[in-house]
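Only one structure is covered here, and it is reproduced in the block below.
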Amino acid sequence: MKNYARVFRGTAFTSKSPTEVHILKEHLFCISEDGLIEKVVAPENPEYQTILQTYQDNLQCLKDGQYFLPGFVDLHVHAPQWAQSGTALDIPLYDWLNTYTFPLESKFSDLGFAKKVYQDVVSTLLANGTTTALYFATVHKEASLLLAKICAEKGQRGLVGKVVMDNPDQTSEIYRDADTQTALKDTEEFILAVNELAQSTKQGIYPVVTPRFIPSCTDDALKGLGELAAKYDTYVQSHCSESDWEHGYVQDRFQKNDAFALHDFGLLRDKSVMAHCNFLNDDDADLFAETGTAVSHCPISNSYFANSVIPIGYLHSKGVAIGLGSDISGGFSPSIYDNARQAVISSRMLEDGVDTSLPAEERGVPNSRITINEAFYFASAGGGESLSLAIGRLEENYAWDVQIIDTTVATAKLPIYDEKEDLHDVFQKIMYLVRPENICEVWVQGEKVHSQ
Ligand code: GUN
Ligand code: FE
Numbered sequence: 097m098k099n100y101a102r103v104f105r106g107t108a109f110t111s112k113s114p115t116e117v118h119i120l121k122e123h124l125f126c127i128s129e130d131g132l133i134e135k136v137v138a139p140e141n142p143e144y145q146t147i148l149q150t151y152q153d154n155l156q157c158l159k160d161g162q163y164f165l166p167g168f169v170d171l172h173v174h175a176p177q178w179a180q181s182g183t184a185l186d187i188p189l190y191d192w193l194n195t196y197t198f199p200l201e202s203k204f205s206d207l208g209f210a211k212k213v214y215q216d217v218v219s220t221l222l223a224n225g226t227t228t229a230l231y232f233a234t235v236h237k238e239a240s241l242l243l244a245k246i247c248a249e250k251g252q253r254g255l256v257g258k259v260v261m262d263n264p265d266q267t268s269e270i271y272r273d274a275d276t277q278t279a280l281k282d283t284e285e286f287i288l289a290v291n292e293l294a295q296s297t298k299q300g301i302y303p304v305v306t307p308r309f310i311p312s313c314t315d316d317a318l319k320g321l322g323e324l325a326a327k328y329d330t331y332v333q334s335h336c337s338e339s340d341w342e343h344g345y346v347q348d349r350f351q352k353n354d355a356f357a358l359h360d361f362g363l364l365r366d367k368s369v370m371a372h373c374n375f376l377n378d379d380d381a382d383l384f385a386e387t388g389t390a391v392s393h394c395p396i397s398n399s400y401f402a403n404s405v406i407p408i409g410y411l412h413s414k415g416v417a418i419g420l421g422s423d424i425s426g427g428f429s430p431s432i433y434d435n436a437r438q439a440v441i442s443s444r445m446l447e448d449g450v451d452t453s454l455p456a457e458e459r460g461v462p463n464s465r466i467t468i469n470e471a472f473y474f475a476s477a478g479g480g481e482s483l484s485l486a487i488g489r490l491e492e493n494y495a496w497d498v499q500i501i502d503t504t505v506a507t508a509k510l511p512i513y514d515e516k517e518d519l520h521d522v523f524q525k526i527m528y529l530v531r532p533e534n535i536c537e538v539w540v541q542g543e544k545v546h547s548q
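If you read the sequence shown in my numbering, its first letter stands for residue 97, the second for the next number, and so on.
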């Protein structure tokens, strides 16, 4: 028998396919020293009892009413904006950026302030079951590096970008890169520093090339960032075709949609993740599928800023990789559960439509609904696929990134009254009703990073 670092026993939910959930009842999960699921053993397997006995000193068994879920992946979060979460949601995107968001982000030149906010946001995301997060920091190189260090220390798998905004026409003088050359030089130094930090980090920390969005960047910056992404084979993130205004701005500037404009600058790659993407047309979607670019679906934020509901099921059916993003603070919630719930709700409203002055058959977009199983898939396995990382599934050779859910917590008890309740129903109750109190432990790459 192999030497495992630790063995866990319990019932787990993991995606079998985008629409089906696999229930692993009372299975053993054998974890290697480097934090991978080395073996999954079913109770009927002859090795089951032997492993239980051999590892009795290093065994964690779930109690009744507790379940394993894969850790969630947040594919789009602005760490500095945690400081204004839940506020400032009253005006359209362009005004929101200039009135609230750029002034807030400018304060992150102060490393003391950055440290306070970044420590809180990383801990809060972990407590909400988010084991991997793709972060926008700010334009400040040092503060962005601090965010990467905080992820490393707290054990979260963090992918972090120093934001680039060098276009004087679309940014304010209080908050932009000094000039294009400085933006590119800072980005390159940031990539090297994060790669260095990653060497001593078990769970992985990754630098991300981060043009904020086309409006805030000059052509030279976009081109230089595409070249840096290719030179260092990094992740890329940006906002893409988010709102009427933003989509229209790019059309005016380039006479094409964001997707093709970003592609011209080398920014659509297998490791690219684009937030929102509400206004993708079929050609844009095909380009995403061909280049391996993923969509970060931010359903709560979209309700405020995207002027539309994205046909997420349709994009997925066209072969585009999809995960969920909180988009703090365009989305107010740090919870991927809340975003999974909103993803289902928004898709139902898209399917049925909202304007009752129209006849029912003209009101909505047929076949738009997604199920909670699909939303779970986007929150976990889909997020992992979007990042090309072996995360988001409780399967052999995947990282041991898990949330242990306790459905019996007194202050947040789930309505489960029958010990033999169908586990598919238990799963749905978890997805719709879990609160942070129910997330009693969180593990990343075989290390415990949060407990109640
Ligand atoms: N577009 C450019 N920056 C942002 C941002 O911070 N949030 C959202 N939702 N959209 C953006
Ligand atoms: Fe965003």
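Where a beta carbon is used, it is the ideal one built from N, C-alpha and C, also for glycine. This one's a predicted model, so the numbers in the text were calculated from it and none came from an experiment.
Top-ranked residue by Cα proximity to residue i, from the options
i, options, result
"Lys281", "Gln177, Lys258, Tyr231, Asn263", "Lys258"
"Phe164", "Ile119, Asn493, Ser219", "Ile119"
"Glu338", "Gly449, Pro395, Ala325", "Pro395"
"Thr467", "Glu143, Ala436, Gly167", "Ala436"
"Gly421", "Ile406, Ile441, Ala229, Val540", "Ala229"
"Ile501", "Cys126, Gly449, Asp379, Asp160", "Asp160"
"Ile418", "Thr276, Ser404, Ala385", "Ala385"
"Val538", "Gln162, Leu148, Asp514", "Gln162"
"Leu241", "Met261, Glu285, Val405", "Glu285"
"Glu492", "Val137, Gly106, Asp206", "Val137"
"Glu129", "Ser547, Gln548, Val540", "Val540"
"Asp262", "Lys112, Arg253, Asp273, Glu269", "Asp273"
"Ala508", "Leu529, Asp518, Gln524", "Leu529"
"His520", "Gln149, Pro407, Arg102, Phe472", "Phe472"
"Pro188", "Leu485, Glu143, Phe401, Ser547", "Phe401"
"Thr503", "Tyr494, Ala495, Glu515", "Glu515"
"Pro264", "Gln145, Glu238, Asp316", "Asp316"
"Val405", "Glu447, Lys414, Thr150", "Glu447"
"Val522", "Lys327, Lys121, Trp341", "Lys121"
"Lys237", "Phe309, Leu510, Val260, Tyr328", "Val260"
Alpha-carbon spacing of residue i relative to residue j, whole angstroms
i, j, result
"Val391", "Cys373", "7 Å"
"Cys536", "Ala223", "8 Å"
"Glu292", "Leu483", "20 Å"
"Gly409", "Leu376", "13 Å"
"Glu140", "His123", "9 Å"
"Gly322", "Arg531", "40 Å"
"Cys247", "Leu132", "19 Å"
"Ala355", "Ser399", "22 Å"
"Gly251", "Val290", "15 Å"
"Thr197", "Ile512", "42 Å"
"Asp75", "Val498", "Nothing can be reported for residue 75, as the shown portion of the chain is limited to 97 through 548."
"Gln215", "Val461", "42 Å"
"Phe204", "Val217", "14 Å"
"Val169", "Leu255", "11 Å"
"Leu221", "Pro430", "6 Å"
"Thr297", "Leu288", "15 Å"
"His393", "Ser368", "14 Å"
"Met370", "His343", "14 Å"
"Glu201", "Phe209", "11 Å"
"Thr278", "Asn534", "46 Å"
"Phe350", "Val332", "21 Å"
"Gly362", "Trp496", "34 Å"
"Leu490", "Ile127", "11 Å"
"Pro199", "Phe104", "47 Å"
"Ala439", "Met445", "10 Å"
Expected contact under 8 Å - CB spacing of residue i and residue j to nearest Å
i, j, result
"Ala550", "Ile526", "Since the first residue shown for the chain is 97 and the last is 548, residue 550 is missing from the structure and cannot be characterised."
"Thr387", "Leu364", "4 Å"
"Ser334", "Gln266", "Actually they do not touch by this definition, with Cβ atoms about 14 Å apart."
"Glu134", "Tyr100", "6 Å"
"Gly167", "Thr227", "3 Å"
"Phe428", "Leu171", "At roughly 17 Å, the Cβ-Cβ gap does not stay under 8 Å, so Phe428 and Leu171 are not in contact."
"Leu318", "Pro307", "6 Å"
"Val173", "Asp423", "7 Å"
"Ser443", "Arg465", "5 Å"
"Gly478", "Ile487", "Not quite, the Cβ-Cβ distance comes to about 11 Å (not below 8 Å), so this is no contact."
"Ser425", "Gln180", "5 Å"
"Phe125", "Val117", "Actually they are not in contact, since the Cβ atoms of Phe125 and Val117 sit about 17 Å apart, beyond 8 Å."
"Thr283", "Leu324", "6 Å"
"Ala294", "Leu243", "That belief does not hold up - the Cβ atoms of Ala294 and Leu243 are roughly 14 Å apart, past 8 Å."
"Lys414", "Ala456", "Actually they are not in contact, since the Cβ atoms of Lys414 and Ala456 sit about 27 Å apart, beyond 8 Å."
"His359", "Pro114", "Actually they do not touch by this definition, with Cβ atoms about 26 Å apart."
Residue-chain proximity (residue i, chain D), Cβ-Cβ < 8 Å
i, result
"Lys159", "Looking at the structure shown, chain D is missing, and only one protein chain is on hand."
Residue i Cβ short of 7 Å to ligand 3 heavy atom set
i, result
"Thr197", "Absence of ligand 3 is noted for the structure shown, with ligand 1 and ligand 2 being the only ligands found."
So which residues touch the region around ligand 2, with touch meaning a C-beta under 7 Å from any heavy atom? Going along the chain, the residues that qualify are His172, His174, Phe232, His335, Ala371, Cys394, Ser397, Asp423, Gly426.
At 3 residues or longer, and completely inside the region 435 to 509: list those beta strand (DSSP E) runs for me, N to C. Whole beta strand (DSSP E) segments, 3+ residues: 498 to 502.
Going along the chain, which unbroken runs of the alpha helix (DSSP H) with 4 or more residues stay wholly within the region 273 to 301? Those alpha helix (DSSP H) runs which fall completely within the region 273 to 301 and span 4+ residues are 276 to 294.
Any beta strand (DSSP E) of 3 or more consecutive residues that is wholly inside the region 374 to 403: Counting only runs of 3 or more, we get 390 to 393.
Could you name each continuous alpha helix (DSSP H) segment of 4 residues or more that falls completely within the region 144 to 199, going from the start of the chain to the end? If one requires a minimum length of 4 residues, the alpha helix (DSSP H) runs lying completely within the region 144 to 199 are 189 to 192, in chain order.
Entirely enclosed alpha helix (DSSP H) segments - the region 227 to 256, minimum 4 residues: Inside the region 227 to 256, DSSP marks whole alpha helix (DSSP H) runs of 4 or more residues at positions 237 to 250, from first to last along the chain.
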